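Reviewing the structure listed below.
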Amino acid sequence: MPEPTLTQFKTANTFDPRGLLTRHRNYFLSGATRSIEWRQKQLIALRSMMREHAEDFYEALWTDLRRSRTEADWVDVKYMTSEIAHVLEHLRHWMEPVPVSTPLMLTPSHAKLQFDPLGVGLIIGTWNYPVMLTLSPLIAAISSGNAAVVKPPDLAPATSDVIDRLVPEYLDRNAFSVVLGGQKETTALLEQPWDHICFTGGTTVAKIVMTAAAKNLTPVVLELGGKNPCIVHSSANLRIAARRVAFGRWFNAGQSCTAPDHVLVFKDVRDEFLKCLKETLLEFYGEDPQKSPDYGRIVSLHHFDRLANLLASGTIYHGGQHDRADRFIAPTVLVDVPLDSPAMQEEIFGPILPVIEVDNAEQVIEFINARPSPLGLYIFSEDPSLTQRLLHSTASGDAGVNECTLQPLIHDLPFGGVGNSGMGKYHGEWGFRAYSNARGVLYHSTKLDVAGLRYPPYNQHQHLRELVIPS
Ligand code: NAD
674 MPEPTLTQFK
684 TANTFDPRGL
694 LTRHRNYFLS
704 GATRSIEWRQ
714 KQLIALRSMM
724 REHAEDFYEA
734 LWTDLRRSRT
744 EADWVDVKYM
754 TSEIAHVLEH
764 LRHWMEPVPV
774 STPLMLTPSH
784 AKLQFDPLGV
794 GLIIGTWNYP
804 VMLTLSPLIA
814 AISSGNAAVV
824 KPPDLAPATS
834 DVIDRLVPEY
844 LDRNAFSVVL
854 GGQKETTALL
864 EQPWDHICFT
874 GGTTVAKIVM
884 TAAAKNLTPV
894 VLELGGKNPC
904 IVHSSANLRI
914 AARRVAFGRW
924 FNAGQSCTAP
934 DHVLVFKDVR
944 DEFLKCLKET
954 LLEFYGEDPQ
964 KSPDYGRIVS
974 LHHFDRLANL
984 LASGTIYHGG
994 QHDRADRFIA
1004 PTVLVDVPLD
1014 SPAMQEEIFG
1024 PILPVIEVDN
1034 AEQVIEFINA
1044 RPSPLGLYIF
1054 SEDPSLTQRL
1064 LHSTASGDAG
1074 VNECTLQPLI
1084 HDLPFGGVGN
1094 SGMGKYHGEW
1104 GFRAYSNARG
1114 VLYHSTKLDV
1124 AGLRYPPYNQ
1134 HQHLRELVIP
1144 S
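Remember, our numbering sits 673 above the position in the sequence shown when you count from 1.
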């Protein structure tokens, strides 16, 4: 009897996560997903899907987040095709076993590191970049020869519907499925013994995911967020700093895990930096940002209400307008923000930027190290020794110097957090490795087997044995 397709799973209304996993695992165990040809075919199909249905994705992203085409291309549509091109270019090389030297005692022998796929992965995406954060882990899974079940974010329903419709049309249905749903479906999926789980989202759900994974000793990659500090030093080029900070903070209406969460500006340049920031915002989005075609909306009323409450955390220096019916919050700069106010206690994840004055580098280092490790840390400075000092005295998943937010777009850089901002890295070769078991294999020849040097009884040839045992 032919295997049921995903559509049959759905129409029969028999969501059966165990059945789904078993079906994909059996296919994985058949060896069908291991060859480079199969991997290349899936990646090329995924690229065709993105190209042939770019319009569907633009439209869905506009519906979910009012995302402009340019921003959709930066992080979702063209990002995907460029990441696939990168993987296709390097995959053969990444898959090659790595030779490793062996000790004299094992002569003649050689050893190799081979990269085996893990099996069937579960990918749980989130809504702020619903294409990238759902399908980029899938690229990593495919590159390493895995099968996977993808759970796109319920908070971006239009984009998730497109993924659900297209993935089974383009990719090998025996290896991949899409499951739509929220907490109930995710909970049911998490009960299964996956070979890998990649979760993107907040720390609260991440703990639920990791607890579920622990029951099956399933390895996890957790892509989380945090409060990313952005330091503006006295030596910084303030005009460029203001532009790049504004771009990084208000891209996607501030709903980026790598966006600067707050600015720590050195006292002597505070006023000038704030002035540059205000001028930049007027240049970017005009006097009425609600009318700008380039400015996004807040994903849900729940997040709108949360963010609207944060506006009271300090004095509004610029912005502050909001319109619940339109899920619009203007690009807002806050000053005089107490460190115990809500905006400085939780990840903002929206279009609000507190600017906090600092006196010196020691204060900056102490401030950062007193808080959970962020996903990104950004330093605007033309003073290399100050920059190095900050980089070497703090921790963060990634960092940017005279830049912010965009580092995940570099395919060769590992992407992911540290400590509270997550664990495990992916993108490019790091994604390939995250989904592989680096399996060490020792090949020992039988042409030589000097029994006296290796096997018991050990009281013979003691002086020779000492020569061959590594110390
Ligand atoms: P979330 O953690 O609430 O949801 C993420 C996913 O988990 C969704 O698919 C959702 O359906 C599922 N989910 C929600 N509640 C669940 C539950 N109780 N049990 C099982 N599954 C559940 O997402 P969020 O907090 O709104 O996402 C924003 C966070 O994600 C921010 O902290 C942001 O910084 C972070 N983020 C990180 C990255 C990254 O790549 N590191 C990227 C984007 C966002």
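Ideal Cβ placement from N, Cα and C applies to all residues, glycine included. These numbers were taken from a predicted model, which means no experiment stands behind them.
Report yes or no: do three or more beta-carbon pairs, one from the region 906-913 and one from the region 979-996, lie closer than 8 Å? no
So which of 1064, 1095, 771, 1054 has the shortest CA-CA distance to residue 1042? By 1-based counting over the sequence shown, the position of residue 1042 is 369. It is 1064.
Can you list, in chain order, the residues of its chain whose CB lies under 6 Å from that of residue 891, leaving out five sequence neighbours each side? In the sequence shown, residue 891 corresponds to position 218, counting from 1. Around residue 891: 867, 870.
Taking one C-beta from the region 951-968 and one from the region 1103-1121 each time, how about it: are there three or more such pairs within less than 8 Å? no
Since residue 1006 and residue 992 are thought to touch, with beta carbons under 8 Å apart, how far apart are those beta carbons, to the nearest angstrom? Here residue 1006 is taken as the residue at index 333 of the sequence shown, counted from 1. Here residue 992 is taken as the residue at index 319 of the sequence shown, counted from 1. At roughly 6 Å, the Cβ-Cβ gap stays under 8 Å, so residue 1006 and residue 992 are in contact.
Return yes when the C-beta of residue 788 is under 7 Å from any heavy atom of the ligand NAD, and no when it is not. Reading the sequence shown from its first residue, position 115 is the one you call residue 788. Checking every heavy atom of the ligand NAD against the Cβ of residue 788, none is found closer than 7 Å.
Please return the same chain residues whose Cβ sits closer than 8 Å to the Cβ of residue 727, not counting the five positions on each side in sequence. Counted from its first residue, the sequence shown places residue 727 at position 54. Closer than 8 Å at Cβ, skipping near neighbours: 750.
How long is the line joining the alpha carbons of residue 1048 and residue 1096, rounded to whole angstroms? Taking the first residue of the sequence shown as position 1, residue 1048 is located at position 375. Taking the first residue of the sequence shown as position 1, residue 1096 is located at position 423. Between residue 1048 and residue 1096, the C-alpha separation is close to 10 Å.
Leaving out five residues before and five after residue 1090 in sequence, what residues of the same chain have Cβ atoms less than 6 Å from its Cβ? What you label residue 1090 is simply residue 417 of the sequence shown in a count that begins at 1. The residues are 897, 1048, 1070.
For residue 710, which residues of its own chain have a beta-carbon under 8 Å away from its beta-carbon, when the five flanking residues on both sides are left out? Stepping through the sequence shown from its first residue, residue 710 is reached at position 37. Counting only Cβ-Cβ distances below 8 Å, and skipping sequence neighbours, we find nothing.
For residue 901 and residue 753, I'd like the C-alpha separation in whole angstroms. Residue mapping note: residue 901 aligns to position 228 of the sequence shown, counting from 1. Residue mapping note: residue 753 aligns to position 80 of the sequence shown, counting from 1. Cα-Cα distance, rounded: 25 Å.
Per DSSP, residue 1071 forms a beta bridge with which residues? Walking along the sequence shown from the start, residue 1071 turns up at place 398. DSSP output for residue 1071 lists 1049 as bridge partner(s).
With distances taken between CB atoms, is the gap from residue 802 to residue 722 smaller than 8 Å? Residue mapping note: residue 802 aligns to position 129 of the sequence shown, counting from 1. Residue mapping note: residue 722 aligns to position 49 of the sequence shown, counting from 1. It is not a contact, given that the beta carbons lie outside the stated cut-off.
Looking at residue 808 and the ligand NAD, is the gap between the Cβ and the nearest heavy atom below 7 Å? On the sequence shown, position 135 is the one that residue 808 refers to. Because no heavy atom of the ligand NAD lies under 7 Å away, the Cβ of residue 808 does not count as near it: no.
Nearest-angstrom Cα separation, counted from residue 821 out to residue 788: As a first step, residue 788 is located in the sequence shown; it is residue number 115 there, counting from the start. As a first step, residue 821 is located in the sequence shown; it is residue number 148 there, counting from the start. Spanning the two alpha carbons is a distance of roughly 18 Å.
Is there at least one non-hydrogen atom of the ligand NAD closer than 7 Å to the beta-carbon of residue 873? Taking the first residue of the sequence shown as 1, we reach residue 873 at position 200. Between the ligand NAD and residue 873, a heavy atom-to-CB distance of less than 7 Å is present.
Could you check where the beta strand (DSSP E) with residue 871 kicks off and where it finishes? Here the question's residue 871 lines up with position 198 in the sequence shown. Its beta strand (DSSP E) spans residues 869-873.
Return yes when at least one heavy atom of the ligand NAD lies under 7 Å from the C-beta of residue 841, else no. Position 168 of the sequence shown, counted from the first residue, corresponds to residue 841. Incorrect: residue 841 has no Cβ contact closer than 7 Å to the ligand NAD.
Residue 701 to residue 904 span [Cα, whole Å]: Position 28 of the sequence shown, counted from the first residue, corresponds to residue 701. Position 231 of the sequence shown, counted from the first residue, corresponds to residue 904. Using only the alpha carbons, I get a separation of about 47 Å.
Reducing DSSP to helix, strand and coil, say where residue 690 ends up. As a position in the sequence shown, residue 690 is number 17, starting the count at 1. Residue 690 falls in the helix class under three-state DSSP.
Residue 941, buried or exposed, once every other Cβ within 10 Å from all chains shown has been counted against 16: One-based indexing of the sequence shown puts residue 941 at position 268. That one is exposed.
Measure from the alpha carbon of residue 917 to the alpha carbon of each residue in 895, 952, 889, then state which is nearest. Along the sequence shown, read from residue 1 onward, the residue named residue 917 stands at position 244. Taking only the C-alpha atoms, the option nearest residue 917 is 952.
Outcome for residue 739 when other beta-carbon atoms lying within 10 angstroms are tallied against a minimum of 16: Stepping through the sequence shown from its first residue, residue 739 is reached at position 66. The residue in question, residue 739, is buried, as its Cβ has 16 or more Cβ neighbours within 10 Å.
Where the beta strand (DSSP E) containing residue 794 begins and where it ends: Start at 1 with the first residue of the sequence shown, and residue 794 comes out as number 121. Residue 794 -> beta strand (DSSP E) spans 793-797.
Which of helix, strand or coil does DSSP assign to residue 849? One-based indexing of the sequence shown puts residue 849 at position 176. It is a strand residue.
Taking only heavy atoms of the ligand NAD into account, decide whether any of them is closer than 7 Å to the Cβ of residue 1090. Locating residue 1090 in the sequence shown gives position 417, where the first residue counts as 1. Answer for residue 1090: yes, Cβ within range of the ligand NAD.
Relative to the ligand NAD, is the shortest distance from any of its heavy atoms to the C-beta of residue 1021 smaller than 7 Å? Position 348 of the sequence shown, counting from 1, holds the residue named residue 1021. No, the Cβ of residue 1021 stays beyond 7 Å of every heavy atom of the ligand NAD.
Let's see if you can read the secondary structure: which residues bound the alpha helix (DSSP H) around residue 833? One-based indexing of the sequence shown puts residue 833 at position 160. Per DSSP, residue 833 belongs to the alpha helix (DSSP H) from 830-843.
Inspect the beta-carbon positions of residue 1030 and residue 938 and report whether they are closer than 8 Å. Here residue 1030 corresponds to residue number 357 of the sequence shown, with the count starting at 1. Here residue 938 corresponds to residue number 265 of the sequence shown, with the count starting at 1. Result yes, Cβ atoms of residue 1030 and residue 938 sit closer than 8 Å.
Any heavy atom of the ligand NAD closer than 7 Å to the CB of residue 856? Within the sequence shown, the letter at position 183 stands for residue 856. Yes, the beta carbon of residue 856 sits closer than 7 Å to at least one heavy atom of the ligand NAD.
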